[in-house]
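Q: In my numbering, each residue's number is its place in the sequence shown (first place is 1) plus 474. Let me begin by handing over the structure; questions about it come next.
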Amino acid sequence: MRIVMEDFFISYNKTDKEYAKRIADWLDQAGFTTILQANNFVAGSNFVSEMHKALQKTRRIILVLSPDYLNATFTEAEWTAALAKDPTSQNRSLIPVRVRECEPNGLLRPIVYIDLVGLSVKKAKAKFLDEIQATLKRKRLSKKGSTVEAYNKQKSSKFSQSIIGNQNTSIQAEQITHLTIRTSGKKALSIQPSDAIAASIEMKSYVEHLIRRYIDWRKQGIKSGKDRRPFHPSMIHKNVEKTFGARTYLVSKSRFADLIKYLQYRIDNTITGKMKRSQGKRNYRTFDEHLDKLRGKTQGNKNCAHD
Numbered sequence: 475m476r477i478v479m480e481d482f483f484i485s486y487n488k489t490d491k492e493y494a495k496r497i498a499d500w501l502d503q504a505g506f507t508t509i510l511q512a513n514n515f516v517a518g519s520n521f522v523s524e525m526h527k528a529l530q531k532t533r534r535i536i537l538v539l540s541p542d543y544l545n546a547t548f549t550e551a552e553w554t555a556a557l558a559k560d561p562t563s564q565n566r567s568l569i570p571v572r573v574r575e576c577e578p579n580g581l582l583r584p585i586v587y588i589d590l591v592g593l594s595v596k597k598a599k600a601k602f603l604d605e606i607q608a609t610l611k612r613k614r615l616s617k618k619g620s621t622v623e624a625y626n627k628q629k630s631s632k633f634s635q636s637i638i639g640n641q642n643t644s645i646q647a648e649q650i651t652h653l654t655i656r657t658s659g660k661k662a663l664s665i666q667p668s669d670a671i672a673a674s675i676e677m678k679s680y681v682e683h684l685i686r687r688y689i690d691w692r693k694q695g696i697k698s699g700k701d702r703r704p705f706h707p708s709m710i711h712k713n714v715e716k717t718f719g720a721r722t723y724l725v726s727k728s729r730f731a732d733l734i735k736y737l738q739y740r741i742d743n744t745i746t747g748k749m750k751r752s753q754g755k756r757n758y759r760t761f762d763e764h765l766d767k768l769r770g771k772t773q774g775n776k777n778c779a780h781d
């Protein structure tokens, strides 16, 4: 059976739980999948066993750095396991993120970290996501904010390519998030697979609308105490990948209708969705209504929970 790989495992000390949850939310909103102990480990499960499984099916580990993290035993076991698989950091398996004043030492000392200390939430989110994208493209951000190559280019190369997505040796076109081609002295071009939903602004926007609605209404149900099922924003993306065999925005355009029916079904079956339907209201815009809204032709409909 094929193991579905997650993008990031977030390693943190319990004192930094809120920092870790915020980082997980930022990544989920950006379309990445995450594993976070607070959201993904079920009560009563074996902690060591769950940790082992999580590390085996995660591409990269984010370390939430703080004095408590650096002094903890369990967190050290987590990042040393990843370091053993990528001792030279060639694959960017470890991504340290400093959230409180501390000074990494030992094996962590030479690894460049993302520093969020002293930043507002808005600035911290922007910097974090910029750095993550730069890391995935095998670049790093300079102090002035511009990107510089993380590795020396081969002199014989006329251009470099950065492929973000499935890390298997054989990569299928529909699995590639985007292709970046940079030629000397020219602006990089970002190319989406033409048959993927991500290549259509309208389709992608509508899928985003449905996913936001589902996540917001699941949170409402949990807050009310009526929805006690395990939940994390990344779960919907994981379920889409299991059902359609591709990341949410990489599902083929030919399956767009199936995808939106699936997402609408999930919305309708939330606590909030069921309540609104019992009141005779619709839970989401239709695709055509969404297109009208995008074009500035919003039509009022009191019976539809549009926004």
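Backbone N, C-alpha and C define an ideal beta-carbon position, used for all residues, glycine too.
1) What do you reckon, are the CB atoms on His706 and Thr508 nearer than 9 Å?
2) In angstroms with no decimal places, state the Cα-to-Cα distance between Trp553 and Leu568.
3) Assign Arg759 to one of three DSSP states: helix, strand, or coil.
4) Decide yes or no for the touch test of the stretch 722–729 against the stretch 529–546: beta carbon pairs closer than 8 Å, at least 3 of them.
5) Which of helix, strand or coil does DSSP assign to Thr744?
6) Between the Cα of Pro541 and the Cα atoms of Asp766, Lys491, Leu557 and Asn487, which residue gives the shortest distance?
7) Looking at the structure shown, is Pro570 part of a helix, part of a strand, or coil, going by DSSP?
8) Quick one: what's got a C-beta closer than 8 Å to Trp500's C-beta in the same chain, skipping five residues either side?
9) Report yes if the CB atom of Pro570 is closer than 9 Å to the CB atom of Leu581, and no otherwise.
10) Keeping to the same chain, check which residues put their C-beta closer than 6 Å to that of Thr722; ignore five residues upstream and five downstream.
11) I believe Tyr758 touches Arg687 by the beta-carbon criterion, under 8 Å. Please report the beta-carbon distance rounded to the nearest angstrom.
12) Helix or strand or just coil, what does DSSP make of Ala600?
13) Taking DSSP's pairing of strands, which residues face Ser726 in a bridge?
14) Under 9 Å, do Leu539 and Pro584 count as touching if we go by C-beta distance?
15) Roughly how far, in whole angstroms, is the beta-carbon of Leu590 from the beta-carbon of Arg572, given that I think they are within contact range, below 8 Å?
16) Going by CA-CA distance only, name the one from Ala720, Glu682 and Leu684 that's closest to Ala670.
17) Give the secondary structure of Glu682 by DSSP, where H, G and I count as helix, E and B as strand, and everything else as coil.
18) Report the CB separation of Leu684 from Ile734 in whole angstroms; it is logged as a contact under 8 Å.
19) Could you have a look at Arg534 and say whether DSSP puts it in helix, strand or coil?
20) Output the distance between the C-alpha atoms of Ala494 and Phe482, rounded to the nearest integer angstrom.
21) How about Ile497 and Ile535: are their beta carbons less than 9 Å apart?
22) Pick helix, strand or coil for Asp542, following the three-state DSSP scheme.
23) Apart from the five residues just before and just after Gln564, which ones in its own chain have a Cβ nearer than 7 Å to its Cβ?
24) So Gly699 and Thr744 are in contact, right, with Cβ under 8 Å, and what is the actual spacing, rounded?
25) Could you check if Ser752 is buried or exposed, using at least 16 other CB atoms within 10 Å of its CB as the buried criterion?
26) Could you pull out every residue in the same chain whose Cβ sits closer than 8 Å to the Cβ of Arg702, ignoring the five residues on either side in sequence?
27) Buried or exposed: Val681, going by 16 or more other Cβ atoms within 10 Å of its Cβ?
28) Give the straight-line distance between the Cα atoms of Asp742 and Ala731, rounded to the nearest whole angstrom.
A: Taking the geometry as given:
1) Yes, these two residues count as a Cβ contact at 9 Å.
2) The alpha-carbon separation between Trp553 and Leu568 amounts to approximately 7 Å.
3) Coil.
4) Under the 8 Å Cβ criterion, the stretch 722–729 does not count as touching the stretch 529–546, having fewer than three qualifying pairs.
5) If DSSP states are grouped into helix, strand and coil, Thr744 belongs with coil.
6) Measuring from the Cα of Pro541, the nearest candidate turns out to be Asn487.
7) Of the three classes helix, strand and coil, the one that applies to Pro570 here is strand, per DSSP.
8) Taking C-beta separations shorter than 8 Å and ignoring five residues to either side along the sequence, the partners of Trp500 in its chain run Lys599, Phe602 and Leu603, following chain order.
9) No. Outside cutoff.
10) The beta carbon of Thr722 sits closer than 6 Å to the beta carbons of His711 and Val714 from its chain, once the five residues preceding and following it are set aside; these are given in chain order.
11) Their Cβ separation, rounded to whole angstroms, is 6 Å, which keeps Tyr758 and Arg687 in contact under 8 Å.
12) Collapsing the DSSP output to three states places Ala600 in a helix.
13) Secondary-structure assignment with DSSP links Ser726 through a beta bridge to Ala670.
14) Not closer than 9 Å, so no.
15) The Cβ separation is near 6 Å, so the contact holds.
16) Closest in alpha carbon position to Ala670, among Ala720, Glu682 and Leu684, is Ala720.
17) It is helical.
18) Confirmed, Cβ separation roughly 6 Å.
19) Strand.
20) If you take the alpha carbons of Ala494 and Phe482, they lie about 12 Å apart.
21) Contact: no.
22) If DSSP states are grouped into helix, strand and coil, Asp542 belongs with the helices.
23) Excluding residues within five positions, none has a Cβ falling inside 7 Å.
24) Incorrect: roughly 14 Å between the Cβ atoms, too far for contact.
25) Its Cβ having fewer than 16 others within 10 Å, Ser752 is exposed.
26) Excluding positions up to five away in sequence, the list reads Ile696.
27) Under this definition Val681 is a buried residue.
28) If I take the Cα positions, the gap works out to 16 Å.
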